[in-house]
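Chains as they are written, first to last, in the numbering used here: chain D, 1 to 343; chain V, 1001 to 1343.
Glycine residues also receive a C-beta, built at the ideal position from the N, C-alpha and C atoms.
This one's a predicted model, so the numbers in the text were calculated from it and none came from an experiment.
This report concerns only the one structure given below.
Number of protein chains: 2
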Amino acid sequence: MKFRSAFLATMLCLTGTASQAADPIALRDMGSFHVGGRIAELSGLPVQDIVRVPGGPTSKLDPNGRYPVEQMYVQYFLVQNRKGKWPLLMWHGGGLTGVTYETTPDGREGWRDMFIRKGWDVYISDAVERGRSSFASPDIWKSQPVFLTQTDPWERFRIGPGAGSFDADPAKRKLLPGNQFPIEAFDAFTKQIVPRWLSTDDAVLAGYVALIDKVCPCVLLTHSQGGMFGFKAAEARPDKIKGIVSVEAASAGNLDKAPLLKSIPILGVFGDYIEQDSRWVAYRKSDFAYFDAIKAAGGSVDLIDLPKIGITGNSHMMMMDKNNREIAEQISKWLISKELADP
Amino acid sequence: MKFRSAFLATMLCLTGTASQAADPIALRDMGSFHVGGRIAELSGLPVQDIVRVPGGPTSKLDPNGRYPVEQMYVQYFLVQNRKGKWPLLMWHGGGLTGVTYETTPDGREGWRDMFIRKGWDVYISDAVERGRSSFASPDIWKSQPVFLTQTDPWERFRIGPGAGSFDADPAKRKLLPGNQFPIEAFDAFTKQIVPRWLSTDDAVLAGYVALIDKVCPCVLLTHSQGGMFGFKAAEARPDKIKGIVSVEAASAGNLDKAPLLKSIPILGVFGDYIEQDSRWVAYRKSDFAYFDAIKAAGGSVDLIDLPKIGITGNSHMMMMDKNNREIAEQISKWLISKELADP
């Protein structure tokens, strides 16, 4: 079995005829860890009686004590044949987790595996408060999360044409014309959504900076809310960031600190339909102001406005859109042009 | 580059001299999906004004609408050289996620990668309500989660000798003598803990059954609370389950349905110190009663009582213990003996 597989792998390599997606993925290692966080202590709260397993014995739950909070979960995949010169850290947007970059909701290959196949060591994290990073009790964070309906991403992520375009009945949902989002898997996509706190930005940023201190120098690939964290983390650790690909940052960094990023090659990527939604116009405007401040300090910012290069129909979730591979190729070409990866 | 790697892989296969942990991991595919769940609808709640990004525009958050809830996140790794005859599904315990089976808190290889290296296709899930599976609003689940202090697992998972053995100061923590848990990484371990609802068992089980319907026939490897879900899921889909490895199930299935498992080879694995904690005596007793009912119906249940075969010091989190590889080897030997994997 082993011999046959090695032979097959050799044949595939020599002939190069198999489709890329069918090639095996060879990793020199993979794994995960939690990084950052702090210990919070609670005291003076009443002890509860709980039953942990149905029919099992009652046991005491004493909420007083020490809690690890604000840590961040990170999963990594280190390739056998490395072409990226630094690790590539993929940071997701608001109300989502690292799942953003995995298999698309309709089952196609996502950007994680595309970039692994391109020879990048990839680190995917769940921001503090989300997914496998866990969250803190309301006694510690003093607030409750907000929950998003299915309506929200349909209308806000430029899948449908804004307010009123979502309907419970998939057949009645209105779509921006030519949209590339795999709408048949929209309900599957919404299963990826996690609740979101509006008071944890400082903790989220601290988690990202702790990750940078652990695994960088590196290249950041950020999306939406993750864009702001990427820029602010780069302001905190400019020497550790060798490149930033910002996909539709929903807000930018601190304008007065933008000059700190002048030595970092930056790429901003924007999808379609932005002019049709005042929120996205505002978000992009704030990105542009930040980019201008970096350029004014002598820095380098490139833009890919997808419709302007003939790639149309992309929603805010372009890493899941039907043409996600085409966009990954554009990003990859830019990374190679900046000598952040071998061709 | 590609050629060199294939050559290297061939050399490793032919010579077989490299250490197992240093070999590359070859996957024919990997990915993730969410399975199961339902749509919950909320109505009649007031619309909120929120600011999604600091300094950004205010936007409306209307909590009324449709929410996907009770879906389960699943991540899979499909090996190039398959030896396991079926997929191996790893189900974690209460208050934890699939991270249980990944890299240990002190950075050693976990059971996920050990079994992948042994040729198993591995599926790791986060039970409904936890990690990347997300959770529902209190308007839908009508309850709040409970949060565990660091004291709880130290005293309850047979790391320290019960009540009073945990201390904020690591130097003052009391340890069960000879314990194999990597105590220097205990604080890192507690970062893996996620909040837990006490009212969601039916939804958790439904998620697991949905996973079985999607990817099985399969073999289950369960831990603690996951043991109960494994047995109950097997009762619901006995023909789909080809083997069960139950590591310290904290409770068993339905006694009257145990005969449904009579055609499934089952292995129960138990660690050290159980007699020193009445809770663990009670849990094991309920497992034994369930096993006896399966055997009375003509089924087959094997036991590995680790101390009885000279493997001592194992906590409840034995997949993270310093001798986790030794226990994985015992489980692997059993799987091969039941013809569930090629040697």
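Cutoff 8 Å: residue i Cβ touching any chain V Cβ
i	result
Thr190 of chain D	yes
Ile50 of chain D	yes
Thr344 of chain D	In this structure chain D extends from 1 to 343, so residue 344 of chain D is not present and cannot be described.
Tyr67 of chain D	yes
Trp284 of chain D	First, the amino acid is wrong: residue 284 of chain D is Arg here, not Trp. Arg284 of chain D does not count as touching chain V.
His223 of chain D	no
Val128 of chain D	no
Arg325 of chain D	no
Ile274 of chain D	no
Leu27 of chain D	yes
Ser300 of chain D	no
Gly313 of chain D	no
Gly37 of chain D	yes
Arg132 of chain D	yes
Paired residues, beta bridge with residue i - DSSP
i	result
Lys60 of chain D	D:Asp49
Cys1218 of chain V	V:Ile1241
Glu41 of chain D	D:Arg66
Asp1302 of chain V	V:Leu1267
Met72 of chain D	D:Val35
Arg196 of chain D	D:Val146
Gly1084 of chain V	V:Ala1341
Ile1025 of chain V	D:Leu27
Met318 of chain D	According to DSSP, Met318 of chain D bridges with nothing at all.
Option nearest residue i by Cα separation, candidates the options
i	options	result
Trp1091 of chain V	V:Lys1172, V:Lys1285, V:Phe1231 and V:Val1047	V:Phe1231
Thr1097 of chain V	V:Ile1124, V:Trp1120, V:Lys1085 and V:Leu1078	V:Ile1124
Leu267 of chain D	D:Asn323, D:Arg38, D:Cys216 and D:Lys333	D:Lys333
Gly88 of chain D	D:Gly95, D:Gly94, D:Phe77 and D:Asn81	It should be pointed out that residue 88 of chain D corresponds to Leu in this sequence rather than to Gly. Comparing Cα-Cα distances from Leu88 of chain D to each of D:Gly95, D:Gly94, D:Phe77 and D:Asn81, the minimum goes to D:Phe77.
Pro1182 of chain V	V:Gly1243, V:Trp1154 and V:Leu1027	V:Trp1154
Ala1127 of chain V	V:Pro1265, V:Gly1119, V:Thr1100 and V:Lys1118	V:Thr1100
Ala236 of chain D	D:Ser224, D:Leu261 and D:Thr222	D:Leu261
Asn340 of chain D	D:Glu129, D:Ile264 and D:Asn324	Looking at the sequence provided, one finds Leu at residue 340 of chain D rather than Asn. Taking only the C-alpha atoms, the option nearest Leu340 of chain D is D:Ile264.
Asp272 of chain D	D:Lys308, D:Ile294, D:Tyr290 and D:Gln48	D:Lys308
Ile159 of chain D	D:Glu184, D:Ser143, D:Gln144 and D:Asp139	D:Glu184
Asp1305 of chain V	V:Ala1293, V:Ala1252, V:Ser1246 and V:Leu1255	V:Ser1246
Asp113 of chain D	D:Thr151, D:Leu27, D:Trp86 and D:Ser137	D:Leu27
Asp169 of chain D	D:Thr151, D:Leu205 and D:Phe33	D:Thr151
Leu1255 of chain V	V:Thr1200, V:Ala1289 and V:Leu1042	V:Ala1289
Asp342 of chain D	D:Arg279, D:Trp86 and D:Ile25	D:Trp86
Val1122 of chain V	V:Ser1143, V:Pro1138 and V:Asn1081	V:Asn1081
Asp202 of chain D	D:Glu129, D:Lys172, D:Pro138 and D:Ser137	D:Glu129
Anticipated Cβ contact below 8 Å, residue i with residue j, distance rounded
i	j	result
Thr1103 of chain V	Gly31 of chain D	4 Å
Ser131 of chain D	Val215 of chain D	Correcting the residue type first, residue 131 of chain D is Gly in the shown sequence and not Ser. With 8 Å as the limit, Gly131 of chain D and Val215 of chain D do not qualify as a contact, their Cβ atoms being about 19 Å apart.
Ala986 of chain V	Trp1111 of chain V	The first residue shown for chain V is 1001 and the last is 1343, placing residue 986 of chain V beyond what the model contains.
Thr149 of chain D	Tyr1067 of chain V	6 Å
Ile140 of chain D	Val1146 of chain V	Not a contact, Cβ separation roughly 14 Å.
Ala297 of chain D	Ala234 of chain D	No, Ala297 of chain D and Ala234 of chain D are not in contact; Cβ-Cβ is about 13 Å, not under 8 Å.
Val219 of chain D	Lys242 of chain D	5 Å
Gln225 of chain D	Gly56 of chain D	In fact, because the Cβ distance is near 41 Å, the residues do not count as touching under 8 Å.
Asn1064 of chain V	Gly1084 of chain V	With 8 Å as the limit, Asn1064 of chain V and Gly1084 of chain V do not qualify as a contact, their Cβ atoms being about 47 Å apart.
Val269 of chain D	Ile331 of chain D	7 Å
Residue-level contact to chain D via CB, residue i, 8 Å cutoff
i	result
Tyr1073 of chain V	yes
Ala1168 of chain V	yes
Ile1159 of chain V	no
Gly1271 of chain V	no
His1316 of chain V	no
Gly1164 of chain V	no
Met1319 of chain V	no
Val1281 of chain V	no
Gly1031 of chain V	yes
Ala1206 of chain V	no
Asp1062 of chain V	yes
Pro1024 of chain V	yes
Asp1292 of chain V	no
Leu1198 of chain V	yes
Ile1193 of chain V	yes
Ser1355 of chain V	With chain V covering only 1001 through 1343, there is no way to say anything about residue 1355 of chain V.
Heavy atom of the ligand SAH within 7 Å of residue i beta-carbon
i	result
Asp152 of chain D	No copy of the ligand SAH occurs in the structure displayed, which carries no ligand at all.
Q: For the region 1299 to 1315 of chain V and the region 1168 to 1180 of chain V, state whether three or more C-beta atom pairs, one from each stretch, are separated by less than 8 Å.
A: Three or more Cβ pairs closer than 8 Å define a contact, and the region 1299 to 1315 of chain V meets that threshold against the region 1168 to 1180 of chain V.
Q. Quick one: any contact between the region 1104 to 1112 of chain V and the region 1184 to 1200 of chain V, if contact means 3 or more CB pairs under 8 Å?
A. Segments in contact, yes.
Q) Is the number of C-beta pairs between the region 1114 to 1124 of chain V and the region 1150 to 1170 of chain V that are closer than 8 Å three or more? A) Taking 8 Å as the limit for Cβ pairs, the verdict is that the region 1150 to 1170 of chain V does not touch the region 1114 to 1124 of chain V.
(Q) Check whether the region 35 to 50 of chain D and the region 64 to 74 of chain D are in contact - that is, three or more C-beta pairs closer than 8 Å. (A) With a cut-off of 8 Å, the region 64 to 74 of chain D and the region 35 to 50 of chain D count as touching, because enough Cβ pairs lie within range.
Q | Interface residues of the region 1077 to 1105 of chain V facing chain B [CB-CB below 7 Å] | A | Absent from the structure: chain B. Protein chains present are D and V.
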